[in-house]
Amino acid sequence: MSSRREFIKQSVVAAGGVVVSTSAFSNVFFGKKPKVIIIGAGFAGLAAAYLLHRKKIDFIILEARNRISGRVFS
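Residue 88 in my numbering sits at position 24 of the sequence shown; the count goes up by one each step and never skips.
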C-alpha cells in the first residue's frame with residue numbers, strides 16, 4: 065500500500081512528464097500555421113469552430129447532412 069507522500073511524489077513526476085511532452089509537441093508547429101478538420105456541425109463542432117476562429121486558426125467543418133446542428137431539430 066502506497067503512502068500519501070509516495071502518491072504525491074508520483075503525481076509530481078507524472079505532471080512533469082506531461083509538461084515536458086506538451087512543450088515538445090508545441091515545437092512541432094513552430095513557424096507553421098496549424099490546420100484543423102472538424103467532423104460534424106453539431107453544437108460541439110460549431111463551438112470548436114468558434115474557438116478556432118477567435119484564435120485565427122484555419123479549419124474546415126465536414127458535415128454529412130445538408131444542415132447544421134447535428135441531431136438537434138428545433
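Glycine included, C-beta positions come from ideal geometry on N, C-alpha and C. No experiment lies behind these values; they were computed from the predicted model shown.
query, result
"So Phe137 is in the beta strand (DSSP E); what residue range does that whole segment cover?", "Note, Phe137: premise wrong, no beta strand (DSSP E); not H, not E."
"In the DSSP assignment, find the unbroken beta strand (DSSP E) run with Ile101 in it and report its ends.", "Lys99 to Ile103"
"Could you check which residue in Lys73, Phe107, Pro98 and Lys97 has the C-alpha nearest to that of Ile132?", "Phe107"
"So if DSSP puts Phe123 in a beta bridge, which residue, or which two residues, is it bridged to?", "Val100"
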